[in-house]
Structure formats: C-alpha cells, structure tokens
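Visitor:
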Amino acid sequence: MKGNNQADREKMSGLYETYAPMVFRRCQYMLRDESEAQDMMQEVFLRVFDRMDSLDLSQPSSLLWNTATRLCLNRIRDKHRRGLDVDSSELLLTIACADEEDDSFGAQSVLAKLFSKEPESSRTIAVLHYVDGMTLEETAREVNLSVSGVRKRLRGLQAKLKNLEVK
Amino acid sequence: MIPDWKLERYLTGDLPESEMREIREMEATDEIFAGRVKMLREDNRAILKKMPFERLSEKMEARELGSGRGMNGAGMNGAGNVVSFKFVKIAAAAALVLAVVSVALFSQREIGLAQSANDGAQVMDVAMADAALTGDNAFGEASDTRIKGLNARMEVWKKTGDSAVQLANLSEVREGDEIQLRYAVPEKCFGMLFSLDGNGTLTMHMGDGSQAIALEPGKMTTLPFAYKLDNAPKFEKFFFVTSRDSFDVDASNLDALLKNKNVNAVSVNLRKVEGK
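In the order they appear, the protein sequences are chains A and B. If you want the numbering used here, it's the 1-based position in the first sequence plus 63. If you want the numbering used here, it's the 1-based position in the second sequence plus 16.
(1) Applying the criterion that 16 or more other CB atoms from any shown protein chain within 10 Å of the CB defines a buried residue, is GLN196(B) buried or exposed?
(2) Tell me the DSSP secondary structure of ARG190(B) in three-state form.
(3) Output yes if chain A places a C-beta closer than 8 Å to the C-beta of THR238(B); else output no.
(4) Determine the burial state of MET75(A): buried for a count of at least 16 other Cβ atoms within 10 Å of its Cβ, exposed for fewer.
(5) Beta-carbon of ASP266(B) versus every beta-carbon of chain A: anything under 8 Å?
(6) Taking 8 Å as the threshold (beta carbon to beta carbon), is ASP199(A) in contact with chain B?
(7) Which residue comes first and which comes last in the alpha helix (DSSP H) that contains GLU205(A)?
(8) CA-CA distance, ALA222(A) and LEU134(A)?
(9) Does ALA131(A) pass the burial test, meaning 16 or more other C-beta atoms within 10 Å, or should it be called exposed?
(10) With three or more C-beta pairs closer than 8 Å as the rule, is the region 247-267 of chain B touching the region 209-222 of chain B?
(11) What would DSSP say about PHE49(B), mapped onto helix, strand or coil?
(12) Less than 8 Å between the C-beta atoms of MET103(A) and ILE139(A), yes or no?
(13) Nearest-angstrom Cα distance between VAL213(A) and ASN207(A)?
(14) For CYS160(A), does the three-state DSSP call read helix, strand or coil?
(15) Could you check what DSSP says for MET222(B) in three-state terms: helix, strand or coil?
(16) Helix, strand or coil, according to DSSP, for MET208(B) in the structure here?
(17) Please list the segments of the alpha helix (DSSP H) lying wholly inside the region 90-134 of chain A, counting only runs of 4 or more residues, in order along the chain.
(18) Under a three-way DSSP split, which group does ILE139(A) fall into?
(19) Measuring CB to CB, does LYS66(B) end up less than 8 Å from GLN105(A)?
(20) Give the secondary structure of ARG144(A) by DSSP, where H, G and I count as helix, E and B as strand, and everything else as coil.
(21) Tell me where the beta strand (DSSP E) around ARG169(B) begins and ends.
(22) Mind listing the chain B neighbours of LEU109(A)? Cutoff is C-beta to C-beta under 9 Å, in chain order.
Structural data, given as structure tokens:
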C-alpha cells in the first residue's frame, strides 16, 4: 500500500516521459502491431506502478525492457496457443513457446519476478542474447546473473530448442 | 553498428559513462549514425504526443480506485474510515494472492464442440437463450437462476481507438474488434469465463482447462488480455458462470451446465455484423 500517492504519480510521470518511447518500440518490435504495442506499453507501466514499493528501480531501463520482453513473449505464446495468427519471427515464436520448468505458464512467474530480484526467465534471457544480440556478459549484467549462470540457463533452454546454440 | 537496445540506453542516458562518451563522439562524427539518433529522438516526441502520460494516469487512477490504493485520507473520516481502510487492505491482499494464483489460468483456449447432427441447433439455442437464463439480467440483476445472495457481474468492453466502450447485450461487433472482459463476485465462489461463437467454438477466457477456478470477492477484475474477435459469423456470446461448488464445463453439452440450478450464469450476447 502506498503512503504518498502524489509522489508515486510524479515518479511514474518521470519514468514514463523518459522510458515510454523505448518500451513502446520494444513492444512494437516484438508484437508487430501498433495497437497491441500501445496496450502492452501501458500494461508494463501499470505493473510497475502496482509494485512500486517492492521494485528495485535503480535500473529502470533494464526493468522496463525485461518486463516488456516477458509480457510480449507471454502475449505471443498465448496467441499461438489460441491458434491466432502470430506475426513474429520464427526464432521469437520458438522462444516464446518454449516450456520452462520455472516458468511453465508464465503469468504467475511474471508477478513473482516483479516482486523480487529473482533472475529473469530463461526465455527472456534467450531473447536478450539471441534476438537483441547482447553478449553473454551484457546479458548477465542485464539480468543480474553471472555469465556462467546465463550460459547454464541458455543451455537448459537449448535442450528444448534444438536450433539454438549457446555461443 | 550500435544495436537497438544499446541505442535505447544511450537515449535514456542509462549506459556507463565510458560508453555514453564513446557513442556521443560517434554521434558527433558519424552522419549516418547521427541521423539514426535524430530519427529516434523525433520518434520519442511523436510517441509521447500520441500517448501522453495523462492516458496512463487515468488508468492508474482507475486502479487506485479499484484496489483502494490512495483511499487513506480524502473524503473519509472516523472509525468507519479505519474499518473500511482495513477492509480495503485485506481485499487488496486477497485480490493480489488471487491474481498470483489465478492469472496463470487466464489463457484463452478454444475447445471445439463435439460435432453432431444437433450441434448447430444446440449452438443457436445456447446463444439465444438469453431470456431464460440471463437475458435481461446480463449485468447482474435478480434472476430465477441466481443463487440466493450471489450476484456475480460481468462487463464486456470494446476497444475504440484509445479508449473503450462498455457493450450492452446484443450490441453489434465485427471481426477484429478487441474485447476486454471484467468480472466481480460478491463472495467466495468458483467461476469461469468463456465465450461461444457462431461456429460453435467455445473459448475459455478464465478457467483451469474446463474447470472453474476459485474466485475471491472484491473489486471488478479485468482479465489480463483483450480478446480479438475472429471471423465467426452471427454472434459471440460471453458467459460468466459461478457456483458455490467447484464445477466444470463439458464443451459438447454446454446446455447442461447452463441449466444446472446450482450455477449462476451471466451472459452478454454480441451480434456479429460483417465489415470492418
């Protein structure tokens, strides 16, 4: 529960002005649909707003980028499961639909992750590395894991996705 | 070539100082790169102009009102304030626990009704059974089928540009319309949300497979994702079915569930019309 809503609102306004374009472009890139991207961008900020007390906002760009990535992956996966058209690259779709033991159905994990500094899901890590082109070191920094931790996560996912190769 | 993610961090000033300096120098000396940065800065302005913070702020306000966030003060006083604030805190906590547990169950799945000679008739019967089951009561008024004391509500909203309108029973909708569902229950119960379209396809919007999930009373809850209507003809009918006891739906015999006297069905039937 918030103690000072006006202060939260001002903080959100500042975050939004600085990061909304980045988050929107991220969502648009992943979802390839302007309308969906607008919705998702707002959802990303609303989730942050809901959890402001418990979130680590010291690196908002990473938090927002990774939250947008995760939510978009879930959206892609849900659309695919419902048999709806998914306008997405094959790689992104493969990662989105990958099963993870720690993230078997996504949304619950999304909330859990937002509450803490737990490492990101392997799917998000895979997107950062394989799709965004971050090096293992950059990915590790982004998700607060060691390089070997990132490598391990990617190998775990790789076992399920034969066409991915951990560099 | 600076990757997109790094360029975004450059624009927000979130790179380590050494990298910021390096890219600043590149912007000053590399015309092509400078053009790319300029385009993104212009894009930033356009995005904020098109989607200003005020729009998000409205949604934040709605969430605050819905969850009780920010109610500790204005317009309330005395002991009643303390009691209701405590209630709001408990309700918010319960809703949060519920969200964590149940949001995983909100994925929308399609279940084809078993194909039989009677399917078409059954689908239409179910679709048009408003009067008997829910018709005039689509938004929660008293009904013969309602369990005493249980007054579940469902709202169906359609996105229109940057806002949304609530749809009444028998509103017209088209392929591609984005529908958002909301619900509330007044007491602990089990429930599921699904829709049936003119092709006889049943789509679960909230439920554990074909099983109802436990619901907690409290504020209006919005499902995490909107639902885009496909090209199914004639109608799309949304059902919010609740019961004090756990139950499931048999897609091939929907009628049995809706006629079960122990369940409460609230529905909104939308008429599908052609054209975009």
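Beta carbons are placed, not taken as given, at the ideal position from N, Cα and C, and that holds for glycine.
Guide: Put simply:
(1) buried
(2) ARG190(B): coil per DSSP, three-state reduction.
(3) no
(4) buried
(5) no
(6) The residue asked about is misnamed: residue 199(A) is Leu in this sequence, not Asp. It does not; no Cβ of chain B falls within 8 Å.
(7) 199-206
(8) Spanning the two alpha carbons is a distance of roughly 23 Å.
(9) buried
(10) yes
(11) helix
(12) no
(13) 9 Å
(14) coil
(15) Per DSSP, reduced to three states, the secondary structure at MET222(B) is strand.
(16) Note: MET208(B) maps to strand in three-state DSSP.
(17) Listed in chain order, the complete alpha helix (DSSP H) runs (minimum 4 residues) inside the region 90-134 of chain A are 97-113.
(18) helix
(19) 8 Å or more divides the Cβ of LYS66(B) from the Cβ of GLN105(A).
(20) Helix.
(21) 169-176
(22) LEU72, LYS75, MET76, ARG79
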